[in-house]
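Just so you know, the protein sequences line up as chains Z and W, in that order.
Mapping of the first sequence onto the working numbering: position 13 corresponds to residue 459, and the numbering continues sequentially without gaps.
Mapping of the second sequence onto the working numbering: position 249 corresponds to residue 253, and the numbering continues sequentially without gaps.
Virtual Cβ for every residue (Gly too), placed ideally from N, Cα, C.
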Amino acid sequence: MPEQTLVKNAAGRMVPTEINGREAIPYKGVAKHRPTGTKAAPAISTVIDYPDSGDKTVPDIKAALVAAGLKDGMTVSTHHHLRNGDFVANAVFDAAAELGVKDLRWFPSASFPCHAPIIEHMKNGVVHHIEGSMNGPLGRYCTEGNMRGMGVLRSHGGRYRAVQDGDIHIDVAVIAGPTADPFGNANGLTGPAACGLIGFALADSEYADRVIVVTDNLIDFPCVPWQIQGNNVDIVTTMPAIGDASKIVSGTTQITKSPDRLRIAEMTARFVKETGIMHDGFSFQGGAGGTSLSFAIFLMEMMKEEGVKARFVRGGSTQYLTQMLEEGLTDYILDGQTFDLEGVRSMRENPGHVNTSPFTSYNYHGKGNFATMLDCVVLGATEVDVNFNANVVTHSDGYLLHGIGGWQNCLFSKCTILPIPAFRDRIPVLVDEVTTLVGPGELIDVIVTERGIAINPLRDDLLAAVAGSDLPIRTIEEIKAEVDELVGGQPEKPNLGEKVVAAIEWVDGTVIDSVRQVLPRE
Amino acid sequence: MSTTGQAGRKGDRVRSDCWISVELKESGGTSVAVKSRVQSMYGASIKKSVEQGLEALGVEHAVVEVVDAGAVPFVIWARLEAAVKAANPGLTAELLPEAKESTLYETRRDRFRRSRLYLPGDQVKLMLNAGLHRPDGVIIDLEDSVAPSQKEAARYVVRNVLRSVDFFGAERMVRINQGQMGLDDLPFLVPHNVHIILIPKAESADDVKAVDARVQEIRKEKGVENEVFLMPIVESALGCFKAYEIASASPNVVALTIGLEDYTADIGTQRTNEGRESFWARSQVVNAARAADVQPIDTVFSDVTDMEGLMASVIEAKGLGFDGKGCIHPRQIEVIHRGFAPSDGEVKKATCIVVAFEKAEAEGLGVVSLGSKMIDPPVVKRASRTVELAVASGVLSENWREGGGEDA
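Next comes the structure, spelled out in structure tokens:
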């Protein structure tokens, strides 16, 4: 790898000025970067090149990749709708290996531990590097400096933007469709691998040179509704199974039994109620993590007690959001992904359960997006510092742990709340300085820990709203000092090398921080 | 010649704990090997902490192995001390973490004991945040929830917990083991601001007196100023018959409670939700406790998912005359407090009596009367207790007098 030049960005973080041969712009601050010009576009296609019968099927993935003209050095995208049950991404790179193709750039919307076999493909040269989230074994491989290129982590909205800005040109997009027809129309509503919706593939279907839909439930034309439009699709193929249903969605979503998490979730719901954020016609977004899920359940009870109804809620949908919709506690679910079978059923049956995409919800180059309209959002974090800056991608030991997902995009809601434990085992979540900066503190309004609620001093309106309530409002420094005493002080910083192994992009495409190689101690 | 000792827990499921093995040697200095789940963050700190501990214990030559899963420093020391003493039982030096200011508050004989949260004695993970859930009391358990092989080592953990963990005002109780083993638990507790000792399977006044005598001995020996109260647990047919003798065995007994799992087994039946099999025993405990002027406290409700069942059980317990109930999950605390809160009618009556009493006192009258009725001193005492409980339960404002007692 050539010598890296690092500069200090507006957040005081050292970031590379070049990423995988492309010039990178250092982070300038929130709402400071406004690119001009026109958006990127795919090559022109013409109907005369496609069969009048509408049948675009080929026998298998390998044939599809050949038909798509896969070559050395191309960018191949896949998506994470099938989560940890995905069979497609591994099958694509296995087929690429059989074809003898090298140096591919993998551009997933997210990766999961099931994608660990891609490590072998990086070792054998099929995959050059990953631009997308890296968790578990992939995170370890990258953080220890083994990947040839630099990793790039983007939010869901940032990924859409990167495609539109031309930062990433997708040569071949492979879209897993739980149900599809020979023309390429596809959706996630039915079929053995039903996952609800497949909106993360929208940009890829519109901007990639070649689009492949792969399904294990090929039905006669038309496949409706078409969440992915066949008019954007070049090739359709099948696999015996595109995923392991048991790992795609859960049968039922388990809520946490942890007393501390339940306490955090309940305090978060009370905060939302007592600040008046919970009012008729309000909106919120929560995920499927234990605390977030319990928050929604507590809030639902409080809404019932007070007779308050939401206009819309945003998922990750689960049986609980579905229950809210079906009990009339919200008019709509604007859903980004479905986490359990009830969510899938609801999306199939309820007109008020609407599928969304990173374009509608998060895109930086949209003419507005849904995230900014939310009254509140609850999100996780691995670390938060005393200035409310937060980290969601690395652990305090320096290793990549999670992708950004929609996290950065959601920070733009009217009230961003992080319900987090103050420490996990011995490791404090409240720190002096985050290991990796992913979300600037000015956008993070409230931290709810089991030891108290800290409100960002910038939000004096929220501080005023809770004055007189018996919620345990404290400063972030107070809570941190208490935890530090309990766990025996802040942890030692990881032993980091000079090499940048991954760049963290802000929603606008500027580089907010970098992840450095973790070296063994001593 | 070398001797070895081990203490603690290890394995994939263990969190916030560690396992330490110590081999004491005649020469060669000390060597400490650490393998930790938080290696890169706290590996060096763990090593240092163990080295300091060895020095404080006067161990000069030893090979120490630590397998850590995120234990906080006072747990590491507890495991180290237990391991060293397993290798050298004659060692008298103690490895005491500094007693935190936040652990030094006192209790009162007549405080509310509506909820008491059981915490297994060797699972620190559950203890660190236990006080945040605001139970009236926490019970750190050395008896049934600690495996026989872990009993000795758990004493060091519990002692260090008592010195280190802020329970945010909750009464600090420990359930000791039965018989001699329980008496041997006491030196680990009495000097470290334990508030109440729970005596399991009490069957006679002598069972209580033995614990009381040992507690007083240790208090004297160590110059412990704060009182240490007792709460015997009746868990057998014999214990039930002797309930009054047990409750009145010592002036330090402040409450009497009942354990129904062992009791129902002892009378040859099984515990049911209706609880008809234990009605007599529970009533007996209430009456014995009231006769001895101590608080009657009910058993635990063990289905942590059934909040409605819990509430029904609390209301039943209150109806039988109990002042409190045990719990095994923090989510039960709030339900229990709500269940024991006085009703609107009770609050109204009690505030009227208290107001009448205060008025009579201000006017220098020897007799309190409400309307045409005379009120006896025990009724006044009971009423002010109800008012206090109503305030503690959040059903009556602390400033209720300003709002007018009768309307409160």
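request  = Kindly list, in the order they appear in chain W, the residues whose Cβ is closer than 7 Å to that of Z:S842.
outcome  = Result: M45.
key: Chain-ordered chain Z contacts of W:A73 [CB-CB under 8 Å]   = Those are D871, listed as they occur along chain Z.
ask   = Is the number of C-beta pairs between the region 881 to 901 of chain Z and the region 835 to 842 of chain Z that are closer than 8 Å three or more?
value = Flag = yes, the region 881 to 901 of chain Z and the region 835 to 842 of chain Z touch.
key: C-beta neighbour in chain Z for W:P382, strict 8 Å   = Closer than 8 Å: no.
ask   = Where does the unbroken beta strand (DSSP E) through Z:M460 begin, and where does it stop?
value = Per DSSP, the unbroken beta strand (DSSP E) holding Z:M460 starts and ends at M460 to P462.
key: Burial state of Z:F730 (16 or more Cβ within 10 Å)   = Counting Cβ neighbours within 10 Å, Z:F730 comes out buried, since at least 16 surround it.
ask   = Which ranges would you report for the alpha helix (DSSP H) in the region 273 to 337 of chain W if only whole runs of at least 4 residues count?
value = Counting only runs of 4 or more, we get 283 to 295 and 311 to 324.
task = Tell me whether the beta-carbon of Z:P628 lies closer than 8 Å to the beta-carbon of Z:V670.
result = In this structure, Z:V670 does not lie closer than 8 Å to Z:P628 by Cβ.
message = So that I know if they touch, is there some Cβ in chain Z lying closer than 8 Å to that of W:N403?
response = For W:N403, the answer is no, since every Cβ of chain Z falls outside 8 Å of its Cβ.
key: Proximity to Z:R709 [Cα-Cα], best of Z:G898, Z:A654 and Z:I723   = Nearest of Z:G898, Z:A654 and Z:I723 to Z:R709, Cα basis: Z:G898.
task = Pull up the DSSP beta-bridge partners for Z:T895, would you.
result = Looking at the DSSP output, Z:T895 bridges to Z:G898.
query = Helix, strand or coil for Z:Q610 per DSSP?
reply = In this structure, Z:Q610 counts as helix in the three-state DSSP scheme.
query = Should W:D114 be labelled buried (16 or more other beta-carbon atoms within 10 Å of its own) or exposed?
reply = Residue environment: W:D114 is assigned as exposed (fewer than 16 neighbouring CB atoms within 10 Å of its CB, all protein chains considered).
ask   = Does any residue of chain Z bring its CB to less than 8 Å from the CB of W:S463?
value = Here chain W covers residues 5 to 412 and nothing more, so residue 463 of chain W does not appear.
message = Between W:V238 and W:A206, how many whole angstroms is the CB-CB distance? I'm expecting something under 8 Å.
response = The beta carbons of W:V238 and W:A206 sit about 6 Å from each other, so the pair counts as a contact at 8 Å.
N- and C-terminal bounds of the beta strand (DSSP E) containing W:M235 = F233 to V238 is the span of the beta strand (DSSP E), which, as asked, contains W:M235.
ask   = Using a C-beta to C-beta distance shorter than 7 Å, which residues of chain Z count as neighbours of W:A394?
value = By Cβ distance, chain Z contributes nothing, its closest Cβ being about 17 Å from W:A394, past 7 Å.
ask   = Is the region 928 to 942 of chain Z in contact with the region 46 to 58 of chain W, if contact means three or more CB pairs nearer than 8 Å?
value = By the criterion of at least three beta-carbon pairs nearer than 8 Å, the region 928 to 942 of chain Z is in contact with the region 46 to 58 of chain W.
query = What is the rounded straight-line gap between the Cα of Z:L745 and the Cα of Z:R716?
reply = If I take the Cα positions, the gap works out to 8 Å.
query = Given a threshold of 16 other Cβ atoms within 10 Å of its Cβ, counted over all protein chains shown, does W:R176 qualify as buried or as exposed?
reply = W:R176 is buried by the Cβ-count criterion.
ask   = Are the C-beta of Z:K709 and some C-beta of chain W separated by less than 8 Å?
value = Checking the sequence shown, residue 709 of chain Z turns out to be Arg, not Lys. Interface with chain W (8 Å Cβ-Cβ cutoff): Z:R709 is included.
query = According to a CB-to-CB cut-off of less than 7 Å, which residues of the region 918 to 934 of chain Z neighbour chain W?
reply = If the cut-off is 7 Å between Cβ atoms, the region 918 to 934 of chain Z has L932, V933 and G934 near chain W.
Cut-off 6 Å between Cβ atoms - residues of its own chain near Z:L965, not counting five sequence neighbours on either side = Cβ within range, chain order: N941 and G943.
key: Range covered by the beta strand (DSSP E) that runs through Z:R586   = Segment G582 to T589 is the alpha helix (DSSP H) holding Z:R586; no beta strand (DSSP E) there.
ask   = Enumerated in chain order, which unbroken segments of the beta strand (DSSP E) with a length of 3 residues or greater are wholly contained in the region 72 to 148 of chain W?
value = Complete beta strand (DSSP E) runs here, min 3: 119 to 124 and 141 to 145.
query = Hey, is Z:E938's beta-carbon within less than 8 Å of any beta-carbon in chain W?
reply = Closer than 8 Å: yes.
key: CB contact below 8 Å: Z:V453 versus chain W   = No, because no Cβ of chain W sits closer than 8 Å to the Cβ of Z:V453.
task = Could you give the DSSP three-state label for Z:W853: helix, strand or coil?
result = Here Z:W853 sits in helix by DSSP.
inquiry  = Run through the DSSP bridge pairs and tell me what Z:G885 is partnered with.
reply    = Paired residue(s): Z:A836.
Euclidean distance between Cα positions of Z:N455 and Z:T956 = In a straight line, the C-alpha of Z:N455 is about 9 Å away from that of Z:T956.
request  = Give every residue of the same chain whose Cβ lies closer than 7 Å to the Cβ of W:P124, excluding the five residues on either side of it in the sequence, and list them in chain order.
outcome  = Spatial neighbours of W:P124 in its own chain (CB-CB distance under 7 Å, excluding positions within 5 residues in sequence) are listed in chain order as L130, D145, S149 and V150.
inquiry  = I'd like the span of the alpha helix (DSSP H) that includes W:Y46, first residue to last.
reply    = For W:Y46, the uninterrupted alpha helix (DSSP H) segment begins and ends at Q43 to A60.
task = Just mark W:K329 as buried or exposed, buried being the case when its beta carbon has 16 or more other beta carbons within 10 Å.
result = Label assigned to W:K329: buried.
ask   = Which whole-angstrom value is the C-beta distance of W:R117 and W:G141, which I expect to be below 8 Å?
value = Indeed, because the Cβ distance is near 6 Å, the residues count as touching under 8 Å.
message = Would Z:I616 and Z:F553 qualify as a contact pair, given that the criterion is a beta-carbon distance under 8 Å?
response = With contacts defined by Cβ atoms closer than 8 Å, Z:I616 and Z:F553 form a contacting pair.
query = Is the beta carbon of W:V383 less than 8 Å from the beta carbon of W:V358?
reply = For W:V383 and W:V358, no; Cβs fall outside 8 Å.
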